[in-house]
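Protein chains in written order, with our numbering: chain V, 9 to 315; chain W, 384 to 710; chain X, 579 to 883.
From the three backbone atoms N, C-alpha and C, an ideal C-beta is built for every residue, glycine too.
Small disclaimer: the values here were computed from a predicted structure and weren't measured.
Below is one structure, written out as structure tokens; the observations come after it.
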Amino acid sequence: MFGYALRRVLTAIPIVLITITVCFFILRLAPGGPFDGERALPPDVMKNLRAHYNLDQPLISQYFIYLGGVFRGDFGPSMVMEDFSVSRLISIGLPFTLMLGFSAFVVGTVAGMIAGAVAAVQQNKWPDYLLVAIVLIGIIIPNFLMANLVQLFFGVYLRWLPVGGYQPGSIAHLVLPVLILSLPHGGRVARLVRGSMIEVLGTNYVRTARSKGLGTRLILARHALKPALLPVVSYLGPGLSYLLTGSLVVEQVFALPGIGKYFISAALNRDYGLVLGTTILYVFIILALNLIVDVLYAWLDPKVRYR
Amino acid sequence: MANVLVVDNLDVTFALHQSEVKAVSDLDFTLAEGETLAVVGESGSGKSQAFLSIMGLLARNGKASGRAMLGDVNLIGMAPDKLDNYRGKDIAMIFQDPMTSLNPTLRVKTQLAEVLVRHQGFTAEKAHRAVIEMLERVGIPEPVKRANAYPHELSGGMRQRVMIAMALLCKPRVLIADEPTTALDVTVQAQMLDLFKNLTNDFGTALVLITHDLGVVAGVADRMMVMYGGRCIEKGPTDTLFYDPRHPYTLGLLHSTPHVAKRAKRLDPIQGLPPSLEHLPRGCAFHPRCAFRFERCFEERPPLLPVEDVREKACWYQGELKYEAVA
Amino acid sequence: MAGITGKDAALTAYANALATEAPKGRSLTQDALRRLFNNKAALVSIFVLTAIVLFALVGPYFLPWAYDKIDWAGIRKPPDWAKGHYFGTDQNGRDMLARTLQGTQMSLLVAGVATFVSVVIGILYGAIAGYFGGKIDAVMMRFVDIMYALPYILFVIILVVIFGRSPVLLFVGIGCLEWLTMARIVRGQTLSIKQREFIEAAKAGGAGPFTIIFRHIVPNLTGPVVIYATLTIPEIIITESFLSYLGLGVQEPQTSLGTLISFGAPVAEALPWMLFTPAAILVTMLLCLSYLGDGLRDALDPKDR
Ligand SMILES: Nc1ncnc2c1ncn2[C@@H]1O[C@H](COP(=O)(O)OP(=O)(O)O)[C@@H](O)[C@H]1O
Ligand SMILES: [Mg+2]
């Protein structure tokens, strides 16, 4: 098990390095830059700026300067928000984004698993149909649209919940964002659990368990749940990427102080430093979480450990 | 000897899209304490479904009616949670495919111990000790190591031994073994049958041995029940059925079994295919393949009637069955 | 966004089926299409989608107002049949229906461009990996696996940084990210075609690898391409609307469904028709495409039901 985890970590390292390298060169080689504004800057100002950001050095040494910085946790300066380093902006926004993403991940995964399992046990009865309908809505309606709709309904018409913004410690401000973010995730999880649970309940080994007189609850908890979760666990990796995408939208719609805001404005302003730093960070987080997911998978499925 | 299981009038029907199919019709039989009953027939003849229905394990679209008295309780139609007091304790079942019948995500010992915890109220520790003992008993070398293994680490024969151990943990009164050797190597088959015989003997467990292979039955079963198209068509003591079959289908089965047919000059599969249960022929279901048929067989289904004291058959033909007539 | 239509699941199943059921590649596709046409929900979806696409293409010629024409007398007005503003007007007095149809066209155009690019790349990549096999195949497919693991949206944002002001270039770039699944399918198909006699015959006749790929393998890919495109277009439409919603995609004066929704959302309380019209079209299309995707998945992997 430990060896398996170690092997996975070792294969993830080159992926991170390749991503950093590729993104760095693509962004630096692309035409246009953050200082190509409407009006051309005076040449000596431009020169100073370029020197300040090391842009006057050969590309390859810029790359190694940058790489060295990344290892020390320094993602360089933001090129548009002059007084901030990228690491500083990240440290302002990241905790909130992680908190939001983690809450939505937990809510969506748990709710999705329960709903999917109930629907599977109640196959073709009303709880099943209800779930299928909710899942369809949650998956079909793009989350930026859904976010606006619930904001209008609960925030503007009913006035039950804040329309947006965030005050530290306020749960009410988080209800709608977490709901919107977890809905499609939970929907997919539910769909997967339902499908795999129905399949597992029809397997020979569940029949064996029934022949032993174990009782429904024990059979579900001990015999059916673990194998039924396997496809869900393999979905969690891609699911994290969708959550990341969703969090960009949700932070925008509800005006939340996460990292998404900086990321989007960096993209609009062609702030290479910030885009690059955020991308690397996201890739790192996603790969680290994927690693955890893989190890979890190996724990659930004993056969994987021996491969 | 007293009967442990008395089955009366057992029907099993499956609902299909618009129609339904009757997999078992009007099945009657008894099982005496400690005896071994073989249930034989080609695949699709309803053997498995008959016994799955007794265990309350039919697929969602299946329904059973009739009676299956285990002592003085009727298992048919019993609520699942009440049935759970008997399944695994007084009546246990082993399935055809040992590869898929064990849970791949749980250790062997977990899957065994839970039976004792559930039915005998053992503590986990006591159950584990009993499990090791039982694994040893079914001939598993290094039982402690194997108990900690996952099913995929064991060979097919080993897994079937685990299944046997699991079924016998509570010393049930009835053990149903559905094609327990079909998926195994020929070399392992004989060992496995010996194991069944010895263990059920030791525990005084009555054994139902379901098989499509008559070769398995000889020397193991006391009595035999032959099924065709969801019905019993002949039953009686194994010896008499082997040496003096009275139903043309039983005769055909005997001659198509290598082990048994050695005595005859050649091996002949029965002509034709087993019928689909959805389109059973009118009259006797076997008549399209029967060499002894006459007009009555096309029109009327023969009832299962006593032939001599201890045997019954469902066939209109009363003359002598000569194998040459078949060929 | 990947995953909305269950595309990867459907197509991966399909790719596997193509690779394992070697010589029957062609009839597999035909079987799948036959099963698809027996599926009522999928059939209705195809019909509705066709209707929307046709309406978006020819509808503007029959409307009284052009999408960029300003009706000074009708600014911020609810639907008004007498004036020909069937779905109302926006803050600048432009007809919402005309703008929505224009936006639908734009969404379909960029989706078409990106899908086309991804099909071309996917075919080349997959055919090369499958045809040469061995180490080349292993390395190329390993790269695809790694790309699958990384969040697509990050690369899209990088593309936005690079191509910012040109939506068409942006979606060419997105096409350059979308080809992974197509490559998997083509590889599977290539592996199975490679074993057939006519390939051996062509080789014996001295044809080079690229001749064989273009003459004999690519023409056999019609089925997979149709299926892939059907499932990819909705994903690009969602990506487009997502980017435009964030202000990163199609920008004024051009318009797209995502742009329209992003303008409609903030004023939805006062001018609900500005949100409703584009949202209804988008959701209807996505719903139909999802049913179509489900239908395709069932058709491709019948035991999954
Ligand atoms: N879930 C089901 N739905 C419909 N028919 C079934 C189902 N399960 C079994 N059957 C029918 O029951 C017949 C008998 O099956 P079975 O008892 O398993 O035969 P066997 O004698 O080989 O054990 C099958 O041929 C099939 O037609
Ligand atoms: Mg059977």
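In this structure the stretch 756 to 772 of chain X touches the stretch 691 to 704 of chain X; the number of beta carbon pairs closer than 8 angstroms is three or more. W/Gly666 and V/Leu244 have their C-alpha atoms some 59 angstroms from each other.
Within the stretch 670 to 691 of chain W, no residue has its Cβ closer than 8 angstroms to any Cβ of chain V.
In terms of CA proximity to W/Pro563, W/Ala421 leads the group W/Val390, W/Ser402 and W/Ala421. Interface flag for X/Pro729 against chain V is set, since a Cβ pair is found closer than 9 angstroms. Per the CB criterion, closer than 7 angstroms to any heavy atom of ligand 2, the qualifying residues run in chain order as W/Ser426, W/Lys430, W/Ser431, W/Gln479, W/Asp561, W/Glu562 and W/Ile593.
Going by C-alpha positions, W/Gly424 is about 15 angstroms away from W/Pro641.
Contact check for W/Leu636 and W/Leu597: beta-carbon distance about 6 angstroms, within the 8 angstroms limit, so the pair qualifies. For X/Ile724, at least one C-beta of chain V is nearer than 9 angstroms to its own C-beta. Straight-line spacing of the CA atoms in W/Pro524 and W/His595 works out to 30 angstroms. About 4 angstroms separates the CB atoms of V/Ser249 and X/Pro729; that is less than 8 angstroms, so the two are in contact. Judged by DSSP in its simplified three-state form, V/Leu251 adopts helix.
Ranking X/Thr833, X/Met863 and X/Leu874 by CA distance to the CA of X/Asp673 puts X/Thr833 first. Secondary-structure assignment with DSSP links W/Leu388 through a beta bridge to W/Leu414 and W/Leu453. Between the alpha carbons of V/Val291 and V/Val240 lies a distance of about 21 angstroms. Distance from the CA of V/Ala20 to the CA of X/Thr759, rounded to the nearest whole angstrom, comes to 22 angstroms.
For the options V/Met54, V/Asp64, V/Lys55 and V/Ser219, the alpha carbon positioned closest to that of W/Lys472 is the one of V/Ser219. Counting C-beta atoms within 10 angstroms of its own C-beta, W/Thr583 has 16 or more neighbours from the protein chains shown and is therefore classed as buried. Per DSSP, the unbroken beta strand (DSSP E) holding W/Ala475 starts and ends at Ile474 to Ile477. Rounded to the nearest whole angstrom, the CA to CA distance from X/Phe721 to V/Val24 is 13 angstroms. Along the stretch 611 to 641 of chain X, the alpha helix (DSSP H) occurs as fully enclosed runs of 4 or more residues at 618 to 636, listed in sequence order. With contacts defined as CB atoms closer than 9 angstroms, X/Ile777 and X/His794 qualify as a contacting pair. Within the DSSP secondary-structure output, W/Glu403 pairs in a beta bridge with W/Ala398. Secondary-structure assignment with DSSP links W/Cys680 through no beta bridge to anything.
Not a single C-beta of chain V is nearer than 9 angstroms to the C-beta of X/Ser744. The closest heavy atom of ligand 1 lies 8 angstroms or more from the beta carbon of W/His511. When C-beta distances to chain V are compared with 9 angstroms, the residues of the stretch 446 to 467 of chain W below that value are Pro463, Asp464, Leu466 and Asp467, in chain order.
In this structure, the C-beta of W/Ser484 stays at least 8 angstroms away from each heavy atom of ligand 1.
Contact annotation for X/Val738 against chain V: Ala275 [CB-CB distance below 7 angstroms, chain order].
Restricted to the stretch 572 to 619 of chain W, the alpha helix (DSSP H) segments that are unbroken, complete and at least 4 residues in length are 597 to 600, listed in chain order. Three or more Cβ pairs drawn from the stretch 492 to 509 of chain W and the stretch 464 to 482 of chain W lie within less than 8 angstroms of each other, which places the two stretches in contact.
Taking the Cα positions, V/Ile148 is about 41 angstroms away from W/Ala462.
At a C-beta separation below 7 angstroms, X/Leu865 has these neighbours in chain V: Ile148. Among the residues facing chain X, V/Gln260 is included, as its CB has a counterpart in that chain under 9 angstroms away. Short of 7 angstroms from the beta carbon of V/Ile188, and not among the five residues preceding or following it, lie these beta carbons of its own chain, in chain order: Asn151, Met154, Ala155, Val158 and Val258. Under the three-state reduction of DSSP, X/Gly708 is assigned to helix.
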